[in-house]
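**Q** Before anything else, here's the structure in question.
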Amino acid sequence: MKRERILAGLLLAALAVLAVRAIVGWPAHNGDAVPVALDVTEPFYPVYFSSRDTGLLEPEFHQGSATIEQVLADLLAGPKLEHLAGVIPADTVVLGYRLSGETLYVSFSHHLVTNHPGGSTGEILTVYAIVNSLTGIDGVERVQILVENQVVDTLAGHLNLQRALRKDYSALGSQVL
Amino acid sequence: MFLDLESYSGYQTYLLEQPARLVVDLYGVKGDPPPMLEVDSPVLSSIRASRFDDQTLRVVCDLKAPTGYQVLPAPGGGIAIDFNYQLYSLALEDQDGSLLLSIEMSAAPEVQATYLESPLRLVLDFQDTTLLTRSFDTPVNLGPIVRWRVGQHSPAVTRVVLELAEPLASLPVEERAAGSFVLPFFPGTAAEAAAYLRAQQHAQEEPEELGAELLPTGEGVLSGLVIAVDPGHGGSDPGTIGYQGTFEKDVNLAISLYLGELLSEAGAKVIYTRDTDVYVSIFQRPEIAMEAGADLFVSVHANSHIERGRARGTETLYRAGDPASELFARIVQEELVKAITLIDRRIWGREDLAVFNGSNIPAVLVEVGFLDHPDEEVLLRASGFQKVAAQGIFNGIVRFCLENKR
Chain A
92 MKRERILAGL
102 LLAALAVLAV
112 RAIVGWPAHN
122 GDAVPVALDV
132 TEPFYPVYFS
142 SRDTGLLEPE
152 FHQGSATIEQ
162 VLADLLAGPK
172 LEHLAGVIPA
182 DTVVLGYRLS
192 GETLYVSFSH
202 HLVTNHPGGS
212 TGEILTVYAI
222 VNSLTGIDGV
232 ERVQILVENQ
242 VVDTLAGHLN
252 LQRALRKDYS
262 ALGSQVL
Chain B
20 MFLDLESYSG
30 YQTYLLEQPA
40 RLVVDLYGVK
50 GDPPPMLEVD
60 SPVLSSIRAS
70 RFDDQTLRVV
80 CDLKAPTGYQ
90 VLPAPGGGIA
100 IDFNYQLYSL
110 ALEDQDGSLL
120 LSIEMSAAPE
130 VQATYLESPL
140 RLVLDFQDTT
150 LLTRSFDTPV
160 NLGPIVRWRV
170 GQHSPAVTRV
180 VLELAEPLAS
190 LPVEERAAGS
200 FVLPFFPGTA
210 AEAAAYLRAQ
220 QHAQEEPEEL
230 GAELLPTGEG
240 VLSGLVIAVD
250 PGHGGSDPGT
260 IGYQGTFEKD
270 VNLAISLYLG
280 ELLSEAGAKV
290 IYTRDTDVYV
300 SIFQRPEIAM
310 EAGADLFVSV
320 HANSHIERGR
330 ARGTETLYRA
340 GDPASELFAR
350 IVQEELVKAI
360 TLIDRRIWGR
370 EDLAVFNGSN
380 IPAVLVEVGF
390 LDHPDEEVLL
400 RASGFQKVAA
410 QGIFNGIVRF
420 CLENKR
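If you read the sequences in order, they're chains A and B. For the first sequence, my numbering assigns the number 92 to the initial residue and increments by one for each residue that follows. For the second sequence, my numbering assigns the number 20 to the initial residue and increments by one for each residue that follows.
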């Protein structure tokens, strides 16, 4: 007898949940697919992250005006889309930046180097996520990465960072992992 | 073989030679003997039955060679006889640097491998097998194998014990021809061999043989050439670090030294940018090569993705905008992937790599595999794999030189 009562209670609870869901709507099963209202008059700008599907860079489009502060903040905050992964090593902060002509000098904390996993692939992904994202801003053609306000030879032992870099789209694509 | 009998009071078996046959006398069996049966089996050729006397039925199993057997009276009546497979011969061989055990046997062996320490040894148990050669126990000097013993361990198990100076693991048995099999060895531990097999399966390539194919190089095929070998990172710069704590700089140096040995043997003059664990700036490295008058520049690295463990495979970077470097990269990548059978990621022209600065010779940077991937780290640590990788890069260098008439 007691068992039947428990069963009836469970059934009622399930029905209540269904009723609430029918009114409120089911949650989107995929975070990417939540429909939102888009204001098409606001411009989009790309921020580059590492794609978990291809292992290469992929742009995530953010809406608003692309300022240097905003793009740097977006890079440090990491991607919103689930299939993308951040490219800036943990604890890295931006110490400052300066635009000189068309070259943007950005100084990162030492964590950019000391917390980086290394590898030429890893280094190219981090450096060109930064460079490609920032050269999407009007007036920025080249980016010189500084560490602790100084010019460095390299980030992880492969790329020459003694000079400013232009955007490179060869790190984007459909390469299979 | 199963003898379906309604009833019997007893049995006796005799294994006879010349010709090899097993005689089974079944007592208390009445009725006519069944006709002779030709058998298509690796062990038996025919089964004959005749009446020995009015109480005894004699069954003769003609064997292709004498072998062990087990008589199992079935609970529901009748008698089952399990014959062992016959192991005709065993030989250890070194084929172009790859060790293998060649096996002549009536059917594909089922081998159970056990790795034991102190002393280090690999035990191979051939299941349901009778050894037809004599047992032996002899010292050998073949790669890491210092002694091997072969014997019939139990009525159904033939045991091969290899005493080792360094770890060695067995790979799956392959059939070469009818009745002829090989059991290749992997120069490393069982875990390393398993990772090797997984990596190969992942690359979806059937390994034709273990190790790199040897090109018909001959002595002096590279004589007169100066080749710069650049082991990436070093000293205070460990490069990337694997899950097990493997430093990239150590892997790069080991592969580079093996590569340098091969190049020297082929007559090339080898210039190392470092040959010990020291820090050398990435801007100094091309300078060292240019000052020595190098004809080719090969930088050896192991890779990492920004998301650790995300990627795997081999890629070769080259100086962008230089057709000779691109061709060099294409050939080195092809030969290296053929040798180590990891995923063929790509060749990639880059103008921003510091080691390509200020030189105009064909220059490549080889990323052998991903040290941040657990499977590939196990491989990159293994000296056997490092040698095969060096052989693959060497083959690429030789092919590039031959195809371009130097």
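For every residue, glycine included, the Cβ atom is placed at its ideal position computed from N, Cα and C. Since the structure is predicted, the reported quantities are computational estimates derived from the model, not experimental observations.
In chain order, which continuous runs of the alpha helix (DSSP H) of length 4 or greater are located wholly inside the region 181 to 241 of chain A?
**A** Listed in chain order, the complete alpha helix (DSSP H) runs (minimum 4 residues) inside the region 181 to 241 of chain A are 202 to 205, 211 to 225.
**Q** Below 8 Å on the Cβ atoms is my contact criterion, and I expect B:A247 with B:A308 to pass it. Report the Cβ-Cβ distance as a whole number of Å.
**A** With a Cβ gap of about 3 Å, B:A247 and B:A308 count as contacting.
**Q** I need the straight-line Cα distance from A:L175 to B:V385, nearest angstrom please.
**A** Going by the C-alpha atoms only, they are around 27 Å apart.
**Q** Quick one: which chain A residues come within Cβ less than 7 Å of B:F15?
**A** For residue 15 of chain B there is no data in the structure shown, the boundaries of chain B being 20 and 425.
**Q** DSSP on B:R153, reduced to helix/strand/coil?
**A** Correct three-state label for B:R153: coil.
**Q** Is the Cβ-Cβ distance between B:L24 and B:G97 less than 8 Å?
**A** The answer is yes: Cβ separation under 8 Å.
**Q** Three or more beta-carbon pairs under 8 Å between the region 287 to 302 of chain B and the region 354 to 371 of chain B, yes or no?
**A** Output reads no: the region 354 to 371 of chain B does not touch the region 287 to 302 of chain B.
**Q** Compute the beta-carbon to beta-carbon distance between B:V180 and B:V142, rounded to the nearest angstrom, for a pair I have assumed lies under 8 Å.
**A** 5 Å between Cβ atoms; contact.
**Q** If B:G207 and B:G403 are in contact, beta carbons under 8 Å, what's the gap, nearest whole angstrom?
**A** B:G207 to B:G403, Cβ: 5 Å. Contact.
**Q** Counting only runs of 3+ residues fully inside the region 243 to 287 of chain B, write out the beta strand (DSSP E) ranges in chain order.
**A** Listed in chain order, the complete beta strand (DSSP E) runs (minimum 3 residues) inside the region 243 to 287 of chain B are 245 to 250.
**Q** In three-state DSSP terms, what is B:P342?
**A** Correct three-state label for B:P342: helix.
**Q** On the three-state DSSP scale, how would you describe B:V297?
**A** Note: B:V297 maps to coil in three-state DSSP.
**Q** Going straight from the alpha carbon of A:V242 to that of A:V197, what length do you get?
**A** In a straight line, the C-alpha of A:V242 is about 10 Å away from that of A:V197.
**Q** Could you work out which residues of chain B lie near A:L216, taking near to mean beta carbons separated by less than 7 Å?
**A** Neighbours of A:L216 on chain B, chain order: I325.
**Q** Smallest Cα separation from A:S200: which of A:L186, A:Y260, A:A255?
**A** Here the closest residue by C-alpha is A:L186.
**Q** From what residue to what residue does the beta strand (DSSP E) around B:R331 run?
**A** Unbroken run through B:R331: none, as it is neither H nor E.
**Q** Between the Cα of B:G312 and those of B:Y291, B:P342, B:V397, B:D72, spot the shortest distance and give me the residue it belongs to.
**A** Measuring from the Cα of B:G312, the nearest candidate turns out to be B:Y291.
**Q** Determine which residues of the region 178 to 197 of chain A have a Cβ less than 8 Å from any Cβ of chain B, and write them out in chain order.
**A** Cβ contacts with chain B come from V178.
**Q** Return no unless some Cβ of chain A is closer than 8 Å to the Cβ of B:R425.
**A** Residue confidence is low: B:R425 scores 46 on pLDDT, short of 50, so the model does not pin down where it sits. No coordinate-derived value is stated.
**Q** Just the Cα atoms here: how many angstroms apart are B:E227 and B:L187?
**A** Bear in mind that a pLDDT of 44 at B:E227, under 50, signals an unreliable position, so the number given afterwards is only what the model happens to contain. Straight-line Cα distance between these residues: approximately 20 Å.
**Q** Any idea which residues DSSP pairs B:Q31 with across the strands?
**A** Answer by DSSP bridge pairing, in chain order: B:D44.
**Q** Judging by CA-CA distance, which residue of B:T259, B:V383, B:I362 is the nearest neighbour of B:A343?
**A** For B:A343, the nearest C-alpha among the options comes from B:V383.
**Q** Put A:P170 into one of helix, strand or coil per three-state DSSP.
**A** In the structure shown, A:P170 sits in coil (DSSP, three-state: anything other than H, G, I, E or B).
**Q** Is any beta-carbon of chain B found at less than 8 Å from that of A:P137?
**A** Judged by the 8 Å Cβ criterion, A:P137 is not in contact with chain B.
**Q** Against chain A, which members of the region 258 to 289 of chain B pass a CB distance test of less than 9 Å?
**A** Answer set for the region 258 to 289 of chain B: G258, T259, I260, E267.
**Q** When the Cα atoms are used, what is the spatial distance from A:E239 to B:G116?
**A** Whole-angstrom Cα-Cα distance: 51 Å.
**Q** For the 8 Å Cβ check, are there 3 or more pairs between the region 171 to 179 of chain B and the region 366 to 381 of chain B?
**A** Taking 8 Å as the limit for Cβ pairs, the verdict is that the region 366 to 381 of chain B does not touch the region 171 to 179 of chain B.
**Q** Would you tell me roughly how many angstroms separate the C-alpha atoms of B:K49 and B:A68, rounded to the nearest one?
**A** Cα to Cα, B:K49 sits roughly 13 Å from B:A68.
**Q** Go ahead and pull the three-state DSSP assignment for B:G87.
**A** Here B:G87 sits in coil by DSSP.
**Q** Kindly indicate which residue of B:G332, B:D371, B:F204 has the alpha-carbon position closest to the one of B:D113.
**A** Measuring from the Cα of B:D113, the nearest candidate turns out to be B:F204.
**Q** Name the residue from B:P54, B:A212, B:L34 whose alpha carbon lies nearest to the alpha carbon of B:L190.
**A** For the residues B:P54, B:A212, B:L34, the minimum Cα distance to B:L190 belongs to B:A212.
**Q** Cα separation between B:L119 and B:V201?
**A** Going from the Cα of B:L119 to the Cα of B:V201 covers about 6 Å.
**Q** How far does the alpha helix (DSSP H) with B:I309 in it reach, from first residue to last?
**A** The question names Ile, but residue 309 of chain B in the sequence shown is Met. Its alpha helix (DSSP H) spans residues 303 to 310.
**Q** Which value, in whole angstroms, describes the spacing of the CA atoms of B:L109 and A:D259?
**A** Each residue's Cα considered, the two are about 58 Å apart.
**Q** Whose C-beta lies closer than 7 Å to the C-beta of B:T236 among residues of the same chain, with five residues either side of it excluded?
**A** Residue placement at B:T236 is poorly supported in this model, since its pLDDT is 48, which falls under 50; the coordinates are not used for a value here.
**Q** Helix, strand or coil for B:E353 per DSSP?
**A** In this structure, B:E353 counts as helix in the three-state DSSP scheme.
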